[in-house]
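Structure first, commentary second.
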């Protein structure tokens, strides 16, 4: 986690109100009222005490990506700011618990930290408290942070958040073997609020989804009533030569859907140019083998047009 300071701690370290304002224009960021975080290193002499404390506690500066992942990184900072101020019985839950467990959200689903606490239902700009009863086996700790267990976290997400949020979280947990579909199904209580949505989330989630984007594709197939798309399938040409492992392929028709996230190019060891060249070569091989290929990028997941085209193409092939 990161280094969080209260106003009192900053004053104890020798910073005046003017000094705090100066640090806010340099290496310090306000999280919420009376709480601050070190955002990045600096060489200002007046701020040295802050960075000495930071080094002594072996914490990190918030990671910065320059994209939507920064929202989740800042939410982690907000969660940390509440670590020493949770009332008795409160436990981090939902998206907050998922982040603490190391799961990656598909996109910023909330800007508030989330907890569950029996008998309390309240929402502020930075903290949402849900009135929930937890069994002792549904609580755990990650470091010094009290959180719901992975299974309880995923079921809370499946019950309370749209499929676009819960399915990528569940898919990642299944892929990393943090839980199983059977364990999650056994914990769904029929007749309770959100139980049908939770069942649907489990049906759509898969350990074969290798990224949040692919899991979102599966949700969009469901939203557009596109059936028969199987994740992670090896594709061969007529002579039996392997072409590629595709993100999705239709179970009856020669139709393939590929999702191209940033990582496919910029995490490639040979660099983005080589990755792009390899992808083009693979695409041509698939076309020559008679497959219709739809290449989706992140923005396409939030548009109607591409999924409407996929559905229309399947209808023509039926």
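Numbering (the working numbering), first residue to last: 33 to 350.
From the three backbone atoms N, C-alpha and C, an ideal C-beta is built for every residue, glycine too.
* To do: Return the chain-ordered list of same chain residues with a C-beta closer than 6 Å to the C-beta of residue 164, the five sequence neighbours on each side being excluded.
  => Take residue 164, set aside five residues on each side of it, and the residues of its chain with a beta-carbon closer than 6 Å to its own are 148, in chain order.
* To do: Would you tell me roughly how many angstroms separate the C-alpha atoms of residue 177 and residue 115, rounded to the nearest one?
  => Using only the alpha carbons, I get a separation of about 6 Å.
* Within the segment 89 to 163, note down every full alpha helix (DSSP H) run reaching 4 residues or more, in order along the chain. => Taking only runs of at least 4 residues, the alpha helix (DSSP H) segments lying wholly in the segment 89 to 163 are 101 to 113 and 126 to 132.
* To do: Mind the definition here: the segment 35 to 49 touches the segment 81 to 98 only if three or more C-beta pairs lie below 8 Å; say whether that holds.
  => Verdict: yes, contact present.
* Asked: Can you tell me the Cα-Cα spacing of residue 90 and residue 280, whole angstroms?
  -> C-alpha of residue 90 to C-alpha of residue 280: approximately 43 Å in a straight line.
* **Short CB-CB distance (under 9 Å) between residue 168 and chain B** => Reference to chain B is not applicable here, since this structure consists of a single protein chain.
* **The alpha helix (DSSP H) enclosing residue 191, as first and last residue numbers** => Here the alpha helix (DSSP H) through residue 191 covers 182 to 192.
* Asked: With DSSP run on the structure shown, which of helix, strand or coil describes residue 222?
  -> Residue 222 sits in coil when the DSSP states are folded into three classes, being neither helix nor strand.
* Excluding the five sequence neighbours on either side, which residues of its own chain have a C-beta within less than 7 Å of the C-beta of residue 123, listed in chain order? -> These residues qualify, in order along the chain: 147, 148, 166, 171, 178, 179 and 180.
* Note down the Cα distance separating residue 290 from residue 229, rounded to an integer number of angstroms. => Computed Cα separation, rounded: 27 Å.
* To do: To the nearest angstrom, report how far apart residue 302 and residue 325 are at their CA atoms.
  => Because residue 302 carries a pLDDT of 43, less than 50, the predicted location of this residue cannot be relied on, and no value is offered for it.
* Tell me whether residue 315 counts as near the ligand GDP, meaning its Cβ is closer than 8 Å to at least one heavy atom of that ligand. => This structure simply doesn't include the ligand GDP, nor any ligand for that matter.
* May I ask which residues mark the beginning and end of the alpha helix (DSSP H) holding residue 200? => Its alpha helix (DSSP H) spans residues 195 to 207.
* Give the secondary structure of residue 78 by DSSP, where H, G and I count as helix, E and B as strand, and everything else as coil. => Residue 78: helix per DSSP, three-state reduction.
* Along the alpha helix (DSSP H) that carries residue 56, what are the first and last residues, could you check? => Its alpha helix (DSSP H) spans residues 49 to 56.
* Decide yes or no for the touch test of the segment 330 to 346 against the segment 256 to 266: beta carbon pairs closer than 8 Å, at least 3 of them. => Taking 8 Å as the limit for Cβ pairs, the verdict is that the segment 256 to 266 does touch the segment 330 to 346.
* **Bridge partners - residue 261, DSSP secondary structure assignment** => Among the bridge pairs identified by DSSP, residue 261 is matched with 282.
* With a Cβ-Cβ cutoff of 9 Å, do residue 119 and residue 109 count as a contact? -> No, these two residues do not count as a Cβ contact at 9 Å.
* Unbroken alpha helix (DSSP H) run spanning residue 236, endpoints -> It spans 227 to 236 - the alpha helix (DSSP H) in which residue 236 sits, taken as one unbroken run.
* Where does the unbroken beta strand (DSSP E) through residue 69 begin, and where does it stop? -> First-last of the beta strand (DSSP E) with residue 69: 67 to 70.
* Where does the unbroken alpha helix (DSSP H) through residue 324 begin, and where does it stop? -> Counting along the chain, residue 324 falls outside any alpha helix (DSSP H), though it belongs to the beta strand (DSSP E) covering 324 to 328.
* Within the chosen definition, does the segment 222 to 242 reach the segment 184 to 192 through at least 3 CB pairs nearer than 8 Å? -> The answer is yes - the segment 184 to 192 touches the segment 222 to 242, with three or more Cβ pairs under 8 Å.
* **Residue interval of the beta strand (DSSP E) (run including residue 34)** => Judged by DSSP secondary structure, residue 34 falls outside any beta strand (DSSP E); it is assigned neither H nor E.
* Closer than 6 Å by C-beta to residue 349: which residues in its own chain qualify, once you throw out the five before and the five after it? Chain order, please. => If the five residues before and after residue 349 are omitted, its C-beta is found closer than 6 Å to the C-beta atoms of 285, all from its own chain and listed in chain order.
* **Exposure of residue 133, with buried meaning 16 or more beta-carbon neighbours within 10 Å** => Burial check for residue 133: the Cβ neighbour count within 10 Å reaches 16 or more, so the residue is buried.
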